[in-house]
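In the working numbering, the protein residues as written are 2 to 302.
The beta carbon of each residue, even a glycine, is placed where N, CA and C say it ideally should be.
Since this is a predicted model, take the numbers as computed values, not measurements.
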(Lines of atoms letter the chains of each structure in order from A and count residues from 1; the text may use other names and numbers.)
(Lines give C-alpha, C1' and ligand atoms only; values in the text may rest on other atoms or scores of the structure.)
Protein backbone atom coordinates (compact mmCIF):
# COMPACT_ATOMS: atom_id res chain seq x y z
CA UNK A 1 0.00 0.00 0.00
CA UNK A 2 1.10 3.56 -0.73
CA UNK A 3 0.08 6.13 1.89
CA UNK A 4 0.04 9.83 1.01
CA UNK A 5 -0.76 12.63 3.45
CA UNK A 6 -1.08 15.98 1.68
CA UNK A 7 -0.58 18.85 4.12
CA UNK A 8 -0.67 22.58 3.66
CA UNK A 9 3.13 22.69 3.94
CA UNK A 10 4.44 19.30 2.85
CA UNK A 11 3.43 15.92 1.46
CA UNK A 12 4.32 12.86 3.53
CA UNK A 13 4.31 9.46 1.85
CA UNK A 14 5.35 5.93 2.72
CA UNK A 15 4.91 2.37 1.56
CA UNK A 16 3.06 0.10 4.00
CA UNK A 17 3.07 -3.68 4.06
CA UNK A 18 -0.14 -5.71 4.32
CA UNK A 19 0.81 -6.35 7.95
CA UNK A 20 0.51 -2.62 8.62
CA UNK A 21 4.24 -1.98 8.98
CA UNK A 22 5.12 1.41 7.45
CA UNK A 23 8.43 2.15 5.81
CA UNK A 24 10.47 5.35 5.82
CA UNK A 25 8.42 8.51 5.40
CA UNK A 26 9.32 10.73 2.45
CA UNK A 27 8.66 14.49 2.68
CA UNK A 28 8.45 17.03 -0.11
CA UNK A 29 6.92 20.51 -0.36
CA UNK A 30 3.23 20.71 -1.25
CA UNK A 31 2.87 22.38 -4.67
CA UNK A 32 0.18 24.97 -5.31
CA UNK A 33 -2.86 23.97 -7.31
CA UNK A 34 -4.54 20.65 -8.18
CA UNK A 35 -2.61 20.06 -11.41
CA UNK A 36 0.75 20.46 -9.71
CA UNK A 37 -0.38 18.23 -6.85
CA UNK A 38 -1.43 15.48 -9.28
CA UNK A 39 2.00 15.68 -10.91
CA UNK A 40 3.64 15.39 -7.49
CA UNK A 41 1.53 12.32 -6.67
CA UNK A 42 2.54 10.82 -10.03
CA UNK A 43 6.17 11.34 -9.04
CA UNK A 44 5.68 9.71 -5.64
CA UNK A 45 3.93 6.72 -7.22
CA UNK A 46 6.60 6.37 -9.93
CA UNK A 47 9.32 6.23 -7.29
CA UNK A 48 7.49 3.32 -5.63
CA UNK A 49 6.36 1.53 -8.81
CA UNK A 50 5.60 -2.15 -8.28
CA UNK A 51 5.49 -1.81 -4.50
CA UNK A 52 1.79 -1.09 -3.97
CA UNK A 53 -1.65 -2.33 -5.04
CA UNK A 54 -3.75 0.39 -3.38
CA UNK A 55 -3.35 4.01 -2.31
CA UNK A 56 -4.50 5.81 0.81
CA UNK A 57 -4.69 9.55 0.11
CA UNK A 58 -5.72 12.14 2.70
CA UNK A 59 -5.98 15.93 2.43
CA UNK A 60 -6.90 18.78 4.80
CA UNK A 61 -10.27 20.49 4.78
CA UNK A 62 -13.72 19.23 3.87
CA UNK A 63 -13.95 15.92 2.01
CA UNK A 64 -17.10 14.30 0.64
CA UNK A 65 -16.73 11.07 -1.27
CA UNK A 66 -14.06 11.56 -3.94
CA UNK A 67 -14.23 15.35 -3.75
CA UNK A 68 -12.02 17.80 -1.84
CA UNK A 69 -14.89 20.23 -1.24
CA UNK A 70 -12.91 22.99 0.44
CA UNK A 71 -9.35 23.31 1.67
CA UNK A 72 -8.27 26.79 2.64
CA UNK A 73 -4.72 25.63 3.34
CA UNK A 74 -4.34 24.16 -0.15
CA UNK A 75 -6.11 27.09 -1.77
CA UNK A 76 -8.67 25.19 -3.84
CA UNK A 77 -12.14 23.68 -3.70
CA UNK A 78 -14.48 21.19 -5.40
CA UNK A 79 -11.68 19.05 -6.85
CA UNK A 80 -12.55 15.36 -7.50
CA UNK A 81 -9.07 14.37 -6.36
CA UNK A 82 -9.90 10.80 -5.38
CA UNK A 83 -11.25 9.99 -8.84
CA UNK A 84 -8.42 11.82 -10.63
CA UNK A 85 -5.71 9.92 -8.72
CA UNK A 86 -7.54 6.62 -9.23
CA UNK A 87 -7.68 7.23 -13.00
CA UNK A 88 -4.01 8.22 -13.17
CA UNK A 89 -2.59 5.37 -11.10
CA UNK A 90 -5.02 2.60 -12.08
CA UNK A 91 -5.32 1.17 -8.56
CA UNK A 92 -7.96 1.47 -5.81
CA UNK A 93 -7.69 4.78 -3.93
CA UNK A 94 -9.05 5.37 -0.43
CA UNK A 95 -9.60 9.13 -0.31
CA UNK A 96 -10.27 10.91 2.95
CA UNK A 97 -9.62 13.75 5.36
CA UNK A 98 -6.27 14.04 7.11
CA UNK A 99 -7.51 14.66 10.66
CA UNK A 100 -9.92 11.74 10.56
CA UNK A 101 -7.11 9.53 9.27
CA UNK A 102 -4.81 10.73 12.05
CA UNK A 103 -7.45 9.99 14.68
CA UNK A 104 -8.01 6.51 13.27
CA UNK A 105 -4.28 5.79 13.42
CA UNK A 106 -4.01 7.14 16.95
CA UNK A 107 -6.89 4.91 18.08
CA UNK A 108 -5.59 1.75 16.40
CA UNK A 109 -1.80 1.97 16.61
CA UNK A 110 -1.12 4.98 18.85
CA UNK A 111 -2.04 5.88 22.40
CA UNK A 112 -5.76 6.38 21.86
CA UNK A 113 -6.79 2.80 22.58
CA UNK A 114 -6.37 3.54 26.31
CA UNK A 115 -9.35 5.90 26.17
CA UNK A 116 -13.01 5.34 25.34
CA UNK A 117 -14.15 8.86 24.37
CA UNK A 118 -11.16 11.01 23.43
CA UNK A 119 -10.87 14.03 21.16
CA UNK A 120 -7.92 13.99 18.78
CA UNK A 121 -6.84 17.51 17.83
CA UNK A 122 -4.41 17.99 14.97
CA UNK A 123 -2.54 21.30 14.93
CA UNK A 124 -0.28 21.78 11.93
CA UNK A 125 -0.73 24.14 9.02
CA UNK A 126 -4.41 24.14 10.02
CA UNK A 127 -6.25 23.05 13.16
CA UNK A 128 -9.11 20.59 13.47
CA UNK A 129 -10.39 17.85 15.75
CA UNK A 130 -12.02 14.45 15.57
CA UNK A 131 -14.48 13.13 18.14
CA UNK A 132 -14.29 9.51 19.25
CA UNK A 133 -17.14 7.78 21.06
CA UNK A 134 -16.83 4.23 22.35
CA UNK A 135 -13.50 3.76 20.53
CA UNK A 136 -15.18 4.69 17.21
CA UNK A 137 -14.52 7.84 15.19
CA UNK A 138 -17.75 9.83 14.93
CA UNK A 139 -18.97 10.17 11.35
CA UNK A 140 -21.86 12.19 10.01
CA UNK A 141 -21.28 15.56 8.37
CA UNK A 142 -17.78 16.21 6.95
CA UNK A 143 -17.92 19.48 8.92
CA UNK A 144 -17.80 17.69 12.28
CA UNK A 145 -14.75 18.75 14.29
CA UNK A 146 -13.85 21.97 12.46
CA UNK A 147 -13.05 23.70 15.76
CA UNK A 148 -10.24 25.63 14.09
CA UNK A 149 -12.87 27.98 12.71
CA UNK A 150 -14.64 28.62 15.99
CA UNK A 151 -14.17 32.16 17.35
CA UNK A 152 -11.84 32.93 20.25
CA UNK A 153 -11.61 35.76 22.77
CA UNK A 154 -8.61 37.77 23.94
CA UNK A 155 -5.24 38.14 22.22
CA UNK A 156 -5.55 37.38 18.51
CA UNK A 157 -9.32 37.71 18.32
CA UNK A 158 -8.81 40.35 15.60
CA UNK A 159 -6.50 38.09 13.58
CA UNK A 160 -7.69 37.37 10.01
CA UNK A 161 -8.13 33.70 9.16
CA UNK A 162 -7.48 32.02 5.81
CA UNK A 163 -11.16 30.98 5.78
CA UNK A 164 -12.17 34.63 5.38
CA UNK A 165 -13.36 35.29 8.93
CA UNK A 166 -11.58 37.06 11.77
CA UNK A 167 -10.60 35.68 15.16
CA UNK A 168 -10.69 31.94 14.45
CA UNK A 169 -8.80 29.53 16.71
CA UNK A 170 -6.71 28.36 13.76
CA UNK A 171 -5.61 31.93 13.02
CA UNK A 172 -3.81 32.08 16.38
CA UNK A 173 -3.01 28.53 17.50
CA UNK A 174 -2.02 26.47 14.45
CA UNK A 175 1.68 25.89 13.88
CA UNK A 176 1.58 27.92 10.67
CA UNK A 177 -0.25 30.87 12.24
CA UNK A 178 2.19 31.04 15.17
CA UNK A 179 5.08 31.56 12.75
CA UNK A 180 3.05 33.93 10.57
CA UNK A 181 1.95 36.12 13.51
CA UNK A 182 5.49 36.30 14.86
CA UNK A 183 6.92 37.38 11.51
CA UNK A 184 4.30 40.10 11.18
CA UNK A 185 4.51 41.40 14.75
CA UNK A 186 8.29 41.26 15.12
CA UNK A 187 9.56 41.73 11.57
CA UNK A 188 11.94 38.84 12.19
CA UNK A 189 12.07 35.53 10.28
CA UNK A 190 10.52 32.28 11.53
CA UNK A 191 10.16 29.20 9.37
CA UNK A 192 7.79 27.50 11.80
CA UNK A 193 6.39 27.36 15.31
CA UNK A 194 9.61 25.78 16.64
CA UNK A 195 11.55 28.91 15.69
CA UNK A 196 9.07 31.02 17.66
CA UNK A 197 9.28 28.74 20.68
CA UNK A 198 13.09 28.83 20.58
CA UNK A 199 13.04 32.63 20.30
CA UNK A 200 10.71 32.83 23.31
CA UNK A 201 13.13 30.66 25.30
CA UNK A 202 15.90 33.16 24.46
CA UNK A 203 13.86 36.01 25.91
CA UNK A 204 12.25 37.39 22.74
CA UNK A 205 9.21 39.29 24.05
CA UNK A 206 7.25 39.16 20.78
CA UNK A 207 7.84 35.41 20.47
CA UNK A 208 6.66 34.90 24.07
CA UNK A 209 3.55 36.98 23.36
CA UNK A 210 2.67 34.97 20.24
CA UNK A 211 3.28 31.61 21.95
CA UNK A 212 1.29 32.65 25.02
CA UNK A 213 -1.64 33.72 22.84
CA UNK A 214 -1.59 30.34 21.06
CA UNK A 215 -1.60 28.42 24.33
CA UNK A 216 -4.42 30.55 25.72
CA UNK A 217 -6.48 30.14 22.54
CA UNK A 218 -6.03 26.37 22.59
CA UNK A 219 -7.18 26.21 26.21
CA UNK A 220 -10.17 28.43 25.37
CA UNK A 221 -11.18 26.25 22.42
CA UNK A 222 -10.70 23.03 24.36
CA UNK A 223 -12.84 24.34 27.22
CA UNK A 224 -15.82 24.40 24.85
CA UNK A 225 -15.12 20.86 23.65
CA UNK A 226 -14.85 19.62 27.22
CA UNK A 227 -18.01 21.43 28.31
CA UNK A 228 -20.08 19.99 25.45
CA UNK A 229 -18.53 16.55 24.85
CA UNK A 230 -16.93 15.53 28.18
CA UNK A 231 -14.06 13.61 26.55
CA UNK A 232 -11.90 11.44 28.78
CA UNK A 233 -8.77 12.65 26.95
CA UNK A 234 -7.55 15.24 24.47
CA UNK A 235 -4.70 13.99 22.30
CA UNK A 236 -2.83 16.75 20.46
CA UNK A 237 -1.23 15.66 17.19
CA UNK A 238 0.34 17.42 14.23
CA UNK A 239 3.48 19.52 14.00
CA UNK A 240 2.65 21.60 17.07
CA UNK A 241 2.69 18.49 19.25
CA UNK A 242 6.48 18.30 18.79
CA UNK A 243 6.74 21.07 21.41
CA UNK A 244 5.95 18.40 24.01
CA UNK A 245 5.53 19.53 27.60
CA UNK A 246 6.32 23.12 26.64
CA UNK A 247 2.90 23.09 25.00
CA UNK A 248 1.02 20.43 26.97
CA UNK A 249 1.71 21.68 30.52
CA UNK A 250 0.48 25.28 30.07
CA UNK A 251 -2.52 24.13 27.99
CA UNK A 252 -3.42 21.69 30.77
CA UNK A 253 -3.11 24.38 33.46
CA UNK A 254 -5.12 27.00 31.57
CA UNK A 255 -7.82 24.52 30.59
CA UNK A 256 -8.20 23.44 34.23
CA UNK A 257 -8.61 27.09 35.22
CA UNK A 258 -11.51 27.44 32.74
CA UNK A 259 -13.46 24.43 34.02
CA UNK A 260 -15.75 24.34 37.04
CA UNK A 261 -17.72 21.14 37.67
CA UNK A 262 -16.56 19.50 34.45
CA UNK A 263 -14.21 16.56 34.77
CA UNK A 264 -10.71 17.45 33.61
CA UNK A 265 -9.65 15.15 30.75
CA UNK A 266 -6.19 13.76 30.26
CA UNK A 267 -4.23 16.17 28.06
CA UNK A 268 -1.23 14.73 26.24
CA UNK A 269 0.62 14.72 22.95
CA UNK A 270 -0.58 12.02 20.56
CA UNK A 271 2.00 9.26 20.39
CA UNK A 272 2.12 9.23 16.59
CA UNK A 273 2.78 12.96 16.36
CA UNK A 274 3.14 14.43 12.89
CA UNK A 275 3.19 10.94 11.29
CA UNK A 276 -0.39 10.15 12.34
CA UNK A 277 -1.92 11.25 9.03
CA UNK A 278 0.27 9.09 6.81
CA UNK A 279 -0.24 6.10 9.13
CA UNK A 280 -3.99 6.65 8.95
CA UNK A 281 -3.81 6.80 5.15
CA UNK A 282 -1.97 3.46 5.22
CA UNK A 283 -4.74 1.94 7.34
CA UNK A 284 -7.37 3.28 4.90
CA UNK A 285 -5.49 1.77 1.95
CA UNK A 286 -5.14 -1.57 3.70
CA UNK A 287 -8.87 -1.70 4.49
CA UNK A 288 -9.80 -0.77 0.91
CA UNK A 289 -7.45 -3.37 -0.55
CA UNK A 290 -8.83 -6.06 1.75
CA UNK A 291 -12.38 -5.15 0.74
CA UNK A 292 -11.58 -5.13 -2.99
CA UNK A 293 -9.72 -8.45 -2.72
CA UNK A 294 -12.67 -10.01 -0.93
CA UNK A 295 -15.02 -8.69 -3.60
CA UNK A 296 -12.89 -10.18 -6.39
CA UNK A 297 -12.86 -13.54 -4.63
CA UNK A 298 -16.63 -13.42 -4.20
CA UNK A 299 -17.25 -13.01 -7.94
CA UNK A 300 -14.50 -15.37 -9.12
CA UNK A 301 -15.84 -18.42 -11.03
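Let's see if you can read the secondary structure: which residues bound the beta strand (DSSP E) around residue i?
i           : result
residue 56  : 56 to 60
residue 128 : 128 to 134
residue 159 : Careful: residue 159 lies outside any beta strand (DSSP E) and carries neither H nor E.
residue 11  : 11 to 16
Please name the residue in the options whose C-alpha comes closest to that of residue i.
i           : options               : result
residue 34  : 166, 106, 260 and 69  : 69
residue 244 : 125, 266 and 90       : 125
residue 50  : 111, 176 and 15       : 15
residue 228 : 170, 264, 118 and 147 : 264
residue 96  : 117, 7 and 22         : 7
residue 277 : 58, 38 and 46         : 58
residue 116 : 54, 266 and 46        : 266
residue 113 : 230, 283, 148 and 273 : 273
residue 156 : 164, 32 and 172       : 172
residue 36  : 165, 78, 18 and 53    : 78
residue 234 : 256, 72 and 215       : 256
residue 258 : 102, 3, 247 and 225   : 225
Residue i lies in the alpha helix (DSSP H); which residues open and close that run?
i           : result
residue 275 : Note, residue 275: premise wrong, no alpha helix (DSSP H); not H, not E.
residue 196 : 194 to 202
residue 181 : 176 to 187
residue 86  : 82 to 90
residue 22  : It is not in any alpha helix (DSSP H) - residue 22 carries neither H nor E in the DSSP assignment.
residue 221 : 206 to 230
residue 44  : 35 to 48
residue 249 : 246 to 259
Given a threshold of 16 other Cβ atoms within 10 Å of its Cβ, counted over all protein chains shown, does residue i qualify as buried or as exposed?
i           : result
residue 202 : exposed
residue 279 : buried
residue 48  : exposed
residue 192 : exposed
residue 262 : exposed
residue 136 : exposed
residue 91  : exposed
residue 204 : exposed
residue 240 : buried
residue 177 : buried
residue 76  : exposed
residue 250 : exposed
residue 25  : exposed
residue 83  : buried
residue 182 : buried
residue 299 : Low per-residue confidence applies at residue 299: pLDDT is 42, beneath 50, and the placement is therefore not dependable, though the value from the model is reported in the following sentence. So residue 299 ends up on the exposed side.
residue 161 : exposed
residue 270 : buried
residue 275 : buried
In chain order, what residues of the same chain have a beta carbon less than 6 Å from the beta carbon of residue i, not counting five sequence neighbours either side?
i           : result
residue 207 : 186 and 187
residue 29  : 12
residue 253 : 268
residue 74  : 9, 61, 126 and 127
residue 297 : For residue 297, the pLDDT reaches just 43, beneath the cut-off of 50, and the residue's location in the model is therefore unreliable, leaving the point undetermined.
residue 87  : 94
residue 164 : 73 and 150
residue 80  : 35 and 69
residue 17  : 2, 4, 23 and 283
Bridge partners for residue i per DSSP, in chain order?
i           : result
residue 236 : 121 and 269
residue 97  : 59
residue 30  : 11
residue 71  : 63 and 78
residue 3   : 16 and 56
residue 138 : 133
residue 169 : 152
Going by beta carbon distance, what residues of the same chain come within less than 8 Å of residue i, once the five residues before and after it are set aside?
i           : result
residue 301 : Low confidence applies to residue 301: its pLDDT is 45, below 50, so where it sits in the model is not reliable enough to give any reading.
residue 143 : 63, 64, 65, 70 and 98
residue 170 : 128, 148, 149, 150, 151, 152, 153, 218, 219, 221 and 222
residue 21  : 110, 283, 284 and 287
residue 295 : Confidence at residue 295 is low in this model, with a pLDDT of 48, below 50, so its placement is unreliable and the value that follows should be read with caution. Around residue 295: no qualifying Cβ.
residue 5   : 12, 13, 14, 42, 45, 56, 57, 58, 59, 279 and 282
residue 247 : 198
Excluding the 5 residues flanking residue i on each side, which residues of the same chain have their C-beta closer than 7 Å to its C-beta?
i           : result
residue 43  : 89
residue 180 : 191, 192, 193, 194, 196 and 197
residue 132 : 120, 139, 145, 146 and 230
residue 291 : none
residue 159 : 167 and 168
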